[in-house]
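Novice: I am attaching a structure below and will ask some questions about it afterwards.
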Amino acid sequence: MASWQRTHTCGALRADSIDATVVLNGWIENHRHHGALLFVDVRDRYGVTQVVFQQEFDGALFERARRLGAEDVISVKGVVARREKANAERATGEIEVLARELVVLAEAEPPPFEVLDVAEANEELRMRYRYLDLRRRPLQNALLKRAGFVTAIRNFLAAEGFIDVETPILTKSTPEGARDYLVPSRVNPGTFYALPQSPQIFKQLCMVAGLERYYQIARCFRDEDLRADRQPEFTQIDLEMSFVEEPDVIALVERMVVAGFREGFGIELPQPFPRFDYEDAMARYGCDKPDLRFGMTLIDVSALAARSDFKVFRGAVESGGIVKGICAVGAAEKFSRKGIDELTAFAVARGAKGLAWAKVTQNGVEGSIGKFYEGDKGKELCAAMGASPGDLLLFCADSKKVVHKALGDLRLEVGGKLGLRDQKVFRCCWVLNFPMFEWNEEHARWQFAHNPFSAPVDWDVADFETDTANIRSRAYDFVMNGWELGSGSIRIHKPALQAKVFQFLGITPEQQRANFGFLLDSYRYGGPPHGGIALGVDRLVTLALGMDSIRDVIAFPKTARATDPMSDAPSVVAKAQLDELKIQCSVPPPGTGA
RNA sequence: GGGGGCGUAGCUCAAUUGGUUAGAGUACCGGACUGUCGAUCCGGUGGUUGCGGGUUCGAGUCCCGUCGCCCUCGCCA
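Just so you know, we're using the numbering used here here: the first sequence kicks off at 127 and counts up by one.
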């Protein structure tokens with residue numbers, strides 16, 4: 127063993143090693159000069175240990191140590207000693223290493239930003255030097271926790287008999303869904319592969335193949351605009367099971383997520399996860415991914431509003447709309463007129479025409495609707511809302527769609543301002559029975575609300591033509607703290623039904639053949655009933671660690687423009703490469719000034 | 001594609017109504033210091049104010065364009 131190789135990590139040494147001779151390897155995190163004394167903090171993945179160089183012990187060694195700079199990589203041999211004054215904030219704070227030998231393994235230029243626990247540099251710079259950003263403990267911790275979580279998931283699924291199967295990255299483009307990333311085929315000029323948006327069809331083929339239980343930690347690609355919770359490539363826990371129905375998948379996934387959070391993050395998730403009908407979730411929370419960390423549910427007061435003197439309320443009901451409200455408990459004093467004006471603007475930005483509000487006092491209700499709800503009417507309203515003195519009531523009157531959107535978002539906004547969305551609290555739920563189809567305004571046609579392979583709830587009665595909006599699919603979403611973290615369904619496994627669904631959406635038999643023919647064909651040879659789910663790993667980890675963006679839990683993420691400032695991808699390629707692929711660009715390469 | 005925010009020293013930021021030589025902290029370099037731990041103290045280097053154009057006696061500041069980053073709407077079966 128080379129003499130510079132470490133005997134301990136920088137997080138390992140404690141008081142029980144005093145007087146031991148040790149070797150540490152790591153980066154210089156910080157150094158403090160005190161004349162004839164020099165303190166150096168040495169960092170590795172495991173921690174930080176203080177090393178002391180003393181001039182009186184070895185003048186030549188001391189001179190060399192004086193020249194050490196931030197992020198130099200060193201090996202230091204020394205004797206463990208008890209500190210004169212312990213540092214309680216550090217795991218190794220009771221001891222220090224009295225340096226006896228020093229090897230500089232690599233010298234570092236001053237980094238473009240300081241490698242601190244708190245990120246001070248802007249994100250673009252940090253991305254350009256991602257390898258330095260990743261040296262920071264919070265990011266290392268995120269990658270460590272992510273790996274631990276994924277390992278726990280793998281262990282769980284392996285123990286449950288799931289087979290890890292790799293599916294193609296070079297696959298076939300299909301018209302539905304997100305835009306595909308395309309890869310030209312050199313061998314077949316003029317044709318293109320697509321990177322998978324998900325392994326959906328392949329995992330279903332695994333079921334036809336009789337694997338029964340498939341899973342994959344799968345990279346997925348979607349060429350859509352980015353967000354804080356969206357990257358062009360992302361990772362899913364993808365799984366599929368044969369001979370199952372909704373409760374089987376849900377129960378398994380619930381156990382898997384609980385195990386993953388326990389072993390990966392040390393978080394105990396409250397069980398069981400409540401299950402909501404889609405309609406119910408929309409009615410109570412105004413959205414299909416309810417944040418259950420707090421109540422403040424949407425309460426329907428349409429019946430009351432219908433006989434109100436307040437024209438906005440009565441008019442909304444008379445024209446077929448609804449009136450709903452939320453009750454922010456004890457919040458009356460926390461929102462000034464200006465604060466309520468801001469909430470109104472918030473609701474208006476989401477399509478509401480305005481926001482009716484009232485503060486509940488001992489004497490009744492005061493506020494924009496106060497004069498319409500004096501005396502008993504006010505009491506009746508408060509009773510309907512479950513409101514007590516000190517509460518703030520917010521109402522929205524409009525079409526069901528607008529009310530749910532505005533009030534659902536407002537609920538989250540008010541909940542956030544009241545501190546009810548604690549990042550350390552985790553509440554999961556399932557949302558079931560989604561609509562099978564949704565109306566696409568732009569193209570004036572029905573389209574899949576979930577995916578083309580989700581089975582309808584009722585096989586026999588379903589009448590797509592006459593009752594389209596009410597057809598439910600056997601789809602289920604897994605939701606945590608208001609984030610959609612997983613989506614799945616029981617699939618159609620009978621070719622006749624699949625054809626019927628495609629036909630209804632105007633997808634011709636020719637198009638079906640061209641796009642999904644191999645899946646439809648496979649069912650002719652005995653496809654078992656099956657279903658599955660895919661969970662977003664990046665979002666799960668982001669949420670568990672209380673990070674703000676999925677970029678914080680991805681080692682090498684991309685910017686909002688889908689670029690990588692470090693590698694400079696995507697980039698112009700040589701004309702010879704394009705020629706070989708028989709590709710011509712209709713725009714000049716960027717940066718040519720053309 | 002639309003809307004919003006930001007862009008000044010290596011980094012984080014400041015700069016009055018458009019007005020003197022664009023400052024501070026930090027990093028870096030040099031010096032002092034034997035118990036620090038975001039050490040402290042003294043001194044120093046460091047600027048195409050993203051880029052281009054315009055208005056003006058004068059632009060970091062105002063106007064137009066452009067580039068980049070972030071948030072968001074559309075989009076994401």
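Note that beta-carbon positions come from the ideal geometry of N, C-alpha and C, so glycine has one too.
The model shown is predicted, which means the values in this text are computed figures rather than measured ones.
Which partner residues does isoleucine 393 have in the DSSP bridge list?
Specialist: Answer by DSSP bridge pairing: none, since isoleucine 393 is not bridged.
Novice: When the Cα atoms are used, what is the spatial distance from proline 577 to glutamate 292?
Specialist: Correcting the residue identity first, residue 577 is asparagine in this sequence and not proline. Here the alpha carbon of asparagine 577 sits roughly 21 Å from the alpha carbon of glutamate 292.
Novice: Which term fits glycine 657, buried or exposed, when burial requires 16 or more other beta carbons within 10 angstroms of its beta carbon?
Specialist: buried
Novice: Ordered along the chain, which non-local residues of its own chain (more than five positions away) have a Cβ less than 6 Å from that of aspartate 535?
Specialist: Residues of the same chain with a CB within less than 6 Å of the CB of aspartate 535, apart from the 5 flanking positions on each side, are Arg476 in chain order.
Novice: Is it buried or exposed, glutamate 366, if we count other Cβ atoms within 10 angstroms and call 16 or more buried?
Specialist: buried
Novice: Would you give the residue range spanned by the beta strand (DSSP E) that asparagine 107 belongs to?
Specialist: Residue 107 lies beyond the stretch modelled for the chain, which goes from 127 to 720, so this question has no answer here.
Novice: Tell me aspartate 414's beta-bridge partners as DSSP assigns them.
Specialist: Partner(s): none; aspartate 414 has no beta bridge.
Novice: Tell me, which residues are paired with glutamine 573 by DSSP?
Specialist: Glu564
Novice: Specify, as a first and last residue, the run of the beta strand (DSSP E) that isoleucine 363 falls within.
Specialist: 359 to 368
Novice: State the beta-bridge partners of leucine 228 as determined by DSSP.
Specialist: Val202
Novice: Exposed or buried, what is tyrosine 651 when buried is set at 16 or more other beta-carbons lying within 10 Å of its beta-carbon?
Specialist: exposed
Novice: Closest by CA to glycine 152, which one among Ala232, Ser129 and Arg600?
Specialist: Ala232
Novice: Give, in chain order, every unbroken run of the beta strand (DSSP E) that is at least 3 residues long and sits entirely within the region 410 to 455.
Specialist: Those beta strand (DSSP E) runs which fall completely within the region 410 to 455 and span 3+ residues are 448 to 454.
Novice: May I have the straight-line CA-CA distance separating valine 370 from leucine 270, to the nearest angstrom?
Specialist: Approximately 34 Å between the Cα atoms of the pair.
Novice: Could you pull out every residue in the same chain whose Cβ sits closer than 7 Å to the Cβ of serine 648, ignoring the five residues on either side in sequence?
Specialist: Excluding residues within five positions, the ones whose Cβ falls inside 7 Å are Leu331 and Val334.
Novice: For glycine 446, which residues in the same chain have their Cβ closer than 8 Å to its Cβ, ignoring the five residues on either side in sequence?
Specialist: Ser525
Novice: Which of the three DSSP states is assigned to glutamate 622 in this structure?
Specialist: According to the sequence shown, residue 622 is alanine rather than glutamate. Residue state, collapsed to three classes: helix.
Novice: Mind checking who phenylalanine 521 pairs with in its DSSP beta bridge?
Specialist: In DSSP, phenylalanine 521 forms a bridge with Gly451 and Ala482.
Novice: Going by DSSP, name the residue or residues bridged to aspartate 290.
Specialist: Tyr341
Novice: How far does the beta strand (DSSP E) with asparagine 641 in it reach, from first residue to last?
Specialist: Premise fails: asparagine 641 lies in the alpha helix (DSSP H), 635 to 649, not in any beta strand (DSSP E).
Novice: Can you find at least 3 beta carbon pairs, one from the region 156 to 163 and one from the region 241 to 259, that sit closer than 8 Å?
Specialist: In this structure the region 156 to 163 does not lie against the region 241 to 259, because fewer than three pairs of beta carbons, one per stretch, are closer than 8 Å.
Novice: Check for me: the alpha helix (DSSP H) holding phenylalanine 399 runs from which residue to which?
Specialist: Where phenylalanine 399 is concerned, there is no enclosing alpha helix (DSSP H), because DSSP gives it neither an H nor an E.
Novice: Count the other C-beta atoms from every protein chain shown that fall within 10 angstroms of the C-beta of proline 325, then say buried if there are 16 or more, exposed otherwise.
Specialist: buried
Novice: Name the two residues that bound the continuous alpha helix (DSSP H) containing leucine 331.
Specialist: 326 to 334
Novice: Grouping DSSP H, G and I as helix and E and B as strand, with all else coil, what is glutamate 222?
Specialist: Of the three classes helix, strand and coil, the one that applies to glutamate 222 here is strand, per DSSP.
Novice: Helix, strand or coil: how does DSSP classify aspartate 589 here?
Specialist: coil
Novice: Name the residue from Leu544, Cys554, Asn596 and Lys543 whose alpha carbon lies nearest to the alpha carbon of tryptophan 565.
Specialist: Asn596
Novice: Could you tell me if asparagine 248 is buried or exposed, where buried requires 16 or more neighbouring beta carbons within 10 angstroms of its beta carbon?
Specialist: exposed
Novice: Quick check: the region 433 to 448 against the region 456 to 476, are at least 3 beta-carbon pairs closer than 8 Å?
Specialist: no
Novice: If the criterion is Cβ atoms closer than 7 Å, does the pair arginine 190 and leucine 228 meet it?
Specialist: Here arginine 190 is near leucine 228, since their CB atoms are less than 7 Å apart.
Novice: Beta strand (DSSP E) containing isoleucine 659: first to last residue?
Specialist: 656 to 662
Novice: Could you tell me whether the region 416 to 435 touches the region 543 to 560, where touching means 3 or more Cβ pairs closer than 8 Å?
Specialist: yes
Novice: When the Cα of valine 486 is compared with those of Asp502, Phe461 and Ala513, which residue comes out closest?
Specialist: Ala513
Novice: Please confirm whether glycine 74 and glycine 490 have their CB atoms less than 7 Å apart.
Specialist: The requested residue 74 is not part of the displayed model; the chain covers only 127 to 720.
Novice: If you follow the alpha helix (DSSP H) that leucine 469 is part of, which residue opens it and which one closes it?
Specialist: 463 to 475
Novice: Can you find the residues in the same chain that come closer than 7 Å, C-beta to C-beta, to proline 310, ignoring five residues on each side of it along the sequence?
Specialist: Phe318, Leu707 and Ile709
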